[in-house]
Amino acid sequence: MKTNRLNRELISQKAIQHRTLLCNSSEVKAQMKLKIGDVYTREELLKKVIEIYKSLGLPTDKAKATDIKKWYEIKAHTVKVKGKVVSAYKIIKEL
(Lines of atoms letter the chains of each structure in order from A; the text may use other names.)
(Lines give C-alpha, C1' and ligand atoms only; values in the text may rest on other atoms or scores of the structure.)
Protein backbone atom coordinates (compact mmCIF):
# COMPACT_ATOMS: atom_id res chain seq x y z
CA MET A 13 0.00 0.00 0.00
CA LYS A 14 1.40 3.36 -0.98
CA THR A 15 0.97 5.78 1.91
CA ASN A 16 1.99 9.09 0.31
CA ARG A 17 3.53 10.16 3.62
CA LEU A 18 0.32 9.41 5.50
CA ASN A 19 0.03 7.34 8.62
CA ARG A 20 -1.05 3.76 7.84
CA GLU A 21 -3.44 3.84 10.78
CA LEU A 22 -5.16 6.92 9.34
CA ILE A 23 -5.47 5.23 5.95
CA SER A 24 -6.95 2.17 7.62
CA GLN A 25 -9.50 4.30 9.50
CA LYS A 26 -10.52 6.07 6.29
CA ALA A 27 -10.96 2.72 4.52
CA ILE A 28 -13.15 1.38 7.34
CA GLN A 29 -15.25 4.55 7.27
CA HIS A 30 -15.67 4.35 3.49
CA ARG A 31 -16.72 0.67 3.60
CA THR A 32 -19.14 1.30 6.48
CA LEU A 33 -20.86 4.10 4.59
CA LEU A 34 -21.07 2.09 1.37
CA CYS A 35 -22.46 -1.02 3.06
CA ASN A 36 -25.15 0.97 4.84
CA SER A 37 -26.07 3.22 1.91
CA SER A 38 -29.77 2.32 1.77
CA GLU A 39 -30.11 2.66 5.56
CA VAL A 40 -28.41 6.06 5.44
CA LYS A 41 -30.81 7.33 2.76
CA ALA A 42 -33.80 6.10 4.78
CA GLN A 43 -32.57 7.90 7.92
CA MET A 44 -31.85 11.16 6.11
CA LYS A 45 -35.35 11.48 4.66
CA LEU A 46 -34.30 14.01 2.01
CA LYS A 47 -36.72 14.80 -0.81
CA ILE A 48 -35.56 15.14 -4.40
CA GLY A 49 -35.92 18.75 -5.56
CA ASP A 50 -35.90 20.26 -2.06
CA VAL A 51 -33.26 22.76 -0.90
CA TYR A 52 -31.48 22.26 2.43
CA THR A 53 -29.08 24.65 4.13
CA ARG A 54 -25.52 23.60 4.74
CA GLU A 55 -26.16 23.48 8.48
CA GLU A 56 -29.18 21.19 8.09
CA LEU A 57 -27.20 18.75 5.97
CA LEU A 58 -24.25 18.83 8.36
CA LYS A 59 -26.54 17.94 11.27
CA LYS A 60 -27.99 15.03 9.29
CA VAL A 61 -24.54 13.75 8.32
CA ILE A 62 -23.35 13.96 11.94
CA GLU A 63 -26.42 11.99 13.09
CA ILE A 64 -25.70 9.30 10.50
CA TYR A 65 -22.04 9.09 11.49
CA LYS A 66 -23.01 8.75 15.17
CA SER A 67 -25.54 6.00 14.42
CA LEU A 68 -22.88 4.06 12.48
CA GLY A 69 -20.23 4.59 15.16
CA LEU A 70 -17.99 6.73 12.96
CA PRO A 71 -16.03 9.79 14.16
CA THR A 72 -18.06 12.96 13.67
CA ASP A 73 -15.21 15.46 13.84
CA LYS A 74 -14.47 15.02 10.12
CA ALA A 75 -18.11 15.25 8.97
CA LYS A 76 -18.86 17.84 6.29
CA ALA A 77 -22.10 18.90 4.67
CA THR A 78 -20.68 17.92 1.28
CA ASP A 79 -20.40 14.30 2.47
CA ILE A 80 -23.99 14.13 1.26
CA LYS A 81 -22.46 13.67 -2.23
CA LYS A 82 -21.84 10.04 -1.31
CA TRP A 83 -25.58 9.34 -1.51
CA TYR A 84 -27.14 12.18 -3.52
CA GLU A 85 -26.31 14.35 -6.48
CA ILE A 86 -26.50 17.95 -5.27
CA LYS A 87 -26.29 21.44 -6.73
CA ALA A 88 -25.03 24.51 -4.88
CA HIS A 89 -27.79 26.96 -4.04
CA THR A 90 -28.47 29.88 -1.70
CA VAL A 91 -31.49 30.68 0.45
CA LYS A 92 -32.51 33.49 2.77
CA VAL A 93 -32.80 32.56 6.44
CA LYS A 94 -33.88 35.33 8.80
CA GLY A 95 -32.86 37.96 6.26
CA LYS A 96 -29.39 36.51 5.61
CA VAL A 97 -28.28 34.67 2.50
CA VAL A 98 -26.80 31.29 3.44
CA SER A 99 -25.24 28.42 1.51
CA ALA A 100 -27.56 25.59 0.63
CA TYR A 101 -27.76 22.56 -1.62
CA LYS A 102 -30.56 21.34 -3.85
CA ILE A 103 -31.04 17.58 -3.95
CA ILE A 104 -31.03 16.54 -7.62
CA LYS A 105 -31.22 12.73 -7.41
CA GLU A 106 -30.17 9.67 -5.43
CA LEU A 107 -26.97 7.90 -6.40
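Residues 13 to 107, numbered by this note's numbering, are exactly what the sequence shown covers, in order.
Where a beta carbon is used, it is the ideal one built from N, C-alpha and C, also for glycine.
Between residue i and the rest of its own chain, which residues show a CB-CB distance below 7 Å, the 5 nearest in sequence each way excluded?
| i | result |
| --- | --- |
| D50 | I103 |
Can you list, in chain order, the residues of its chain with a C-beta nearer than 8 Å to that of residue i? Leave out the 5 residues immediately preceding and following it.
| i | result |
| --- | --- |
| V98 | T53, R54, E55, T90, V91, K92 |
| K76 | L58, V61 |
I'd like the list of long-range same chain contacts for residue i, defined as Cβ closer than 6 Å, with 5 residues on each side in sequence excluded.
| i | result |
| --- | --- |
| K60 | M44 |
| L87 | First, the residue type needs correcting, since residue 87 is Lys and not Leu in the sequence shown. Result list for K87: K102, I104, in chain order. |
| L46 | I103 |
For residue i, count neighbouring C-beta atoms within 10 Å of its own C-beta (all shown protein chains included) and say buried if the count is 16 or more, exposed if not.
| i | result |
| --- | --- |
| A100 | buried |
| I28 | exposed |
| I80 | buried |
Of all the options the options, which has the alpha carbon lying nearest to the alpha carbon of residue i?
| i | options | result |
| --- | --- | --- |
| C35 | E63, K105, K74, K82 | K82 |
| A42 | K96, Y84, K94 | Y84 |
| E39 | G95, T72, Y65 | Y65 |
| Q25 | I80, S37, G69 | G69 |
Which complete beta strand (DSSP E) runs does the stretch 36-103 hold, if anything under 3 residues is left out?
DSSP runs (the beta strand (DSSP E)) wholly in the stretch 36-103: 51-53, 84-93.
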